[in-house]
Every structure is written in structure tokens, then in C-alpha cells.
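Q: One structure follows; several queries about it will come next.
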Amino acid sequence: MGEGISDYTRFVVDLRRHMWMAGVETELRRLIWQIAVTGKYISAKIHESNRKLAGFKNLYGEDQLSLDRNADDILKNQLEYSGFVREYASEEQDAVIQIGKGQEKYFVTADPLDGSSLVDTNLSIGTIIGIHKEPIFSCGKDSMVAALYITYGPLITMVYSAGKGTHEFVLNREGEYVLSQECIMLEERGSLYSPGGLRKDFTERHLKYLEYLEAQGYKLRYSGGFVPDINQVLIKRGGIFTYPALKKSPRGKLRLLFELQPMAFIIEQAGGIATDGTDPILSLRVEGLDQRCPIYIGSRFEVEKAMEFLAQNS
Ligand code: F6P
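Start counting at 1 in the sequence shown, then tack on 14, and there's your number in this note's numbering.
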């Protein structure tokens, strides 16, 4: 399929056609399509960006680029007018926002521009979306119906799952999302590891686990952007991404609702697993927008091995 992208004589499967063929329900299909299109607008903003800090902080106290706010506004406005979304929760907002009239089917979570501090380095960044059929303060396995992310890198790609496998699309020169990989499946065991956090802050058990991976010859692959780091595990068909509990912050760094649940959904649909070290990420109850959680996500072997190490008495 990949080589067909510039071959205009070949039949290409675009995102809409793919979702239709996969039997994704009509409204969900339209919503995913709308979000994918919004990714193009966000990408245009990234290109326009003058990279200056806006000079204010977001809810979590990090420096916020004006780009984050732009991405959030674009997404919120597009979703508002889509007619499919009742509530919108964004990492850039301090409360859930009612954007529909009350009858709409879906509740959307967004990290509009994850890793935006990497913009000046020209590394990949991304948008992460979770789509729920019930209010978002429940556990993901009860309410999530789809998740997707968009990577803004040398290529713009979109990976989605609506519960029928995980699929990747590439934005081509004509502005269409063309299917590049269908039903991506992780190997049982991979060969790369992507460890977030600082070594000096790791618990003894986590450190021992990383030493085990290193002794086994796993390759270090960490960019500092959650989207490209997860994308790498997915596209390379295996390995593990971790952002663990740290000595001073036992809840880790990454946000359960905006970052971890959507990625857990996508990786599980690709045959991988995602836990906080003991429980599946999608079984955890979300109680607050700023709720953080440790994560071990990727191929079954590496994640289960992490759970073994974390359960050991030191
Ligand atoms: O949550 C924002 C984020 O930039 C993620 O994209 C990334 O995985 C993580 O933080 C990186 O954290 P650190 O700078 O501690 O490696």
C-alpha cells in the first residue's frame, strides 16, 4: 500500500472509505474524520508558528506555547460545530466544557499538542484524542469507543482505532489520509525500550527492570515526545514505553485521561498491553482532569516482565 501513495493509477483506501469498510458506526466515522481534518489545520498552525512563548502557564504549571492554545481552540471549535460532541475535556482547560446541546452521542478528550516544547527542536509532536460514549469520569474500558493520534513529523500520520484493530494513515500531497498499515499487530516481544523519567528518581524495582532490559540488549529509543515514542513502539511492532512512579512523584508524570487512556486503547487493539504496574490502564477510574499515573505500555512480554519486577520484594 505504502508505495501506492504516489502512484495515481493505483486504488488507494482513504480514511473515510476504510472506516466505512470496517463497519465503524456512521456518527463515529464522521467524528473521527472531522478530527483527522482538524489535524491538517493544527499542522498549518505549527508551520505558521513563530515559536514564541505566550508568557503564561497552563493548569499544570508548564510553560505553554501559544501553539498549544491555538491547537486547543481549533479543535474545540471544530468539534463544537461537528454536532456529534456533547462535552470536551482538554489538557489546556481546567474544566470539562459542554460544547453540545445535550443530546450528542460523544464525549471527547484531547491533548491538542503533546510535546509542544519540542517544536523548536523540530522533533515530532502530536495530538492525542479519546472518544467516549459516556461522561469521561468513569474507567476507560466502560466508556471508550475510539482513540486516535496524529503525528506532525517529517510526515503527518494518523493512527486510529474504533475497536476494530489499529490502523495507520499517511497524509498525502493531495491532502488525503491514505491507508498505510491496516490491523497493525505488535510482536509478543520487541527489541526497543523508551524510558521516561530520570534514573536518580527511579525506584529500586524499576531500575532493576531497566537493567534487565539493557542486559538483554534492548535498544534505547526515547525522544521525549509521548506520541512519537508510542508511535515508534507501534510501527516497529514492539518494545516498551515506560513513565514510572518516581521517588518524589509516585503518580508519575503522564495524564491518565488525556495521554494514557487513548494510547492504551490503541496499543491494546494492536495486541499489546498497558498497565500502571499492576492494573490495566483502561480499568483505572478517572477522578480528575489532572490525574497522573505510571505507565508500562507495549508488547506483552516486556510489560508482563515489568509487572514481575515491580512485584518483587527487594
Ligand atoms: O506530557 C508531556 C511530555 O512531553 C510527553 O509528551 C513526554 O512523554 C513526557 O512529557 C516527557 O517527559 P520528560 O521530559 O520527563 O522526559
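For glycine and all other residues, C-beta sits at the position ideal for the given N, C-alpha and C.
Quick test of the definition: if touching needs 3 or more C-beta pairs under 8 Å, does the stretch 192-205 touch the stretch 154-168?
A: Not touching, per the Cβ criterion.
Q: Does DSSP put Met-199 in a helix, in a strand, or in coil?
A: Taking the sequence shown and counting its residues from 1, the one referred to as residue 199 is at position 185. The answer is coil: DSSP assigns Met-199 none of H, G, I, E or B.
Q: Which runs of the beta strand (DSSP E) at least 3 residues long sit entirely within the stretch 252-289? Give them in chain order.
A: As far as the stretch 252-289 is concerned, its whole beta strand (DSSP E) runs of at least 3 residues are 254-257, 287-289.
Q: In whole angstroms, what is the alpha-carbon distance linking Phe-323 and Arg-203?
A: Along the sequence shown, one-based indexing puts residue 323 at 309. Along the sequence shown, one-based indexing puts residue 203 at 189. Answer to the nearest angstrom: the Cα atoms are 17 Å apart.
Q: Looking only at its chain, what residues have a beta carbon closer than 8 Å to the beta carbon of Glu-41, apart from the 5 residues adjacent to it on each side?
A: For the purposes of this step, residue 41 is identified with residue 27 of the sequence shown, where counting begins at 1. If we look at Glu-41 and ignore the five residues flanking it on each side, its Cβ neighbours are Phe-98, Lys-119, Tyr-120.
Q: Rounded to whole angstroms, what's the CA-CA distance from Arg-219 to Gln-326? Just pull it up for me.
A: One-based indexing of the sequence shown puts residue 219 at position 205. One-based indexing of the sequence shown puts residue 326 at position 312. Taking the straight line joining both Cα atoms gives about 7 Å.
Q: Drop a sphere of 10 angstroms on the beta-carbon of Asn-84, count the other beta-carbons inside from all chains shown, and report buried for 16 or more, exposed for fewer.
A: Translated into positions along the sequence shown, residue 84 becomes position 70. Under this definition Asn-84 is a buried residue.
Q: In this structure, does DSSP put Leu-193 in helix, strand or coil?
A: As a first step, residue 193 must be located in the sequence shown, where it is residue number 179. Three-state result, Leu-193: strand.
Q: Please go through the same chain and pick out, in chain order, the residues whose beta-carbon is closer than 6 Å to the beta-carbon of Glu-105, but skip the five residues on each side of it.
A: Along the sequence shown, one-based indexing puts residue 105 at 91. Closer than 6 Å at Cβ, skipping near neighbours: Asp-125, Phe-272.
Q: What did DSSP end up calling Lys-250 once you bin it into helix, strand or coil?
A: Within the sequence shown, the letter at position 236 stands for residue 250. Lys-250: coil per DSSP, three-state reduction.
Q: Is the beta carbon of Tyr-232 less than 9 Å from the beta carbon of Tyr-207?
A: The residue you call residue 232 lines up with position 218 of the sequence shown. The residue you call residue 207 lines up with position 193 of the sequence shown. Taking 9 Å as the Cβ cut-off, Tyr-232 and Tyr-207 qualify as a contacting pair.
Q: So Ser-157 is in the alpha helix (DSSP H); what residue range does that whole segment cover?
A: Sequence index remark: in the sequence shown, residue 157 carries index 143 (1-based). Run containing Ser-157: 154-157, per the alpha helix (DSSP H) assignment.
Q: In its own chain, which residues sit with a C-beta less than 8 Å from the C-beta of Glu-201, not counting the 5 before and 5 after it?
A: Here the question's residue 201 lines up with position 187 in the sequence shown. Answer for Glu-201: Arg-251, Gly-252, Ser-313, listed in chain order.
Q: To which residues of the same chain is Tyr-55 closer than 8 Å at the C-beta, ignoring the five residues directly before and after it?
A: Along the sequence shown, one-based indexing puts residue 55 at 41. Cβ within range, chain order: Ile-88, Gln-92.
Q: Once the 5 residues before and after Ser-237 are set aside, which same chain residues still bring their CB inside 6 Å of it?
A: Translated into the one-based positions of the sequence shown, residue 237 becomes position 223. Around Ser-237: Leu-137, Asp-243.
Q: Which word fits Pro-264, buried or exposed, when buried means at least 16 other C-beta atoms lie within 10 angstroms of its C-beta?
A: Here residue 264 refers to the residue found at position 250 when the sequence shown is read from its first residue. Looking at its Cβ environment, which holds fewer than 16 other Cβ atoms inside 10 Å, Pro-264 is exposed.
Q: If you check the beta carbons only, do Asp-13 and Leu-298 fall under 9 Å apart?
A: In the structure displayed, the chain extends from 15 to 328; residue 13 sits before or after that span and is not available.
Q: At 4 residues or longer, what runs of the alpha helix (DSSP H) sit wholly inside the stretch 18-63?
A: As far as the stretch 18-63 is concerned, its whole alpha helix (DSSP H) runs of at least 4 residues are 29-35, 40-62.
Q: For Ala-160, which beta-bridge partners are listed by DSSP?
A: For the purposes of this step, residue 160 is taken as residue 146 along the sequence shown, with counting starting at 1. Ala-160 pairs with Ile-145.
Q: Can you tell me whether Arg-213 is buried or exposed, with buried defined as 16 or more other CB within 10 angstroms of its CB?
A: Residue numbering aside, residue 213 sits at position 199 when the sequence shown is read from its first letter. Exposed is the call here.
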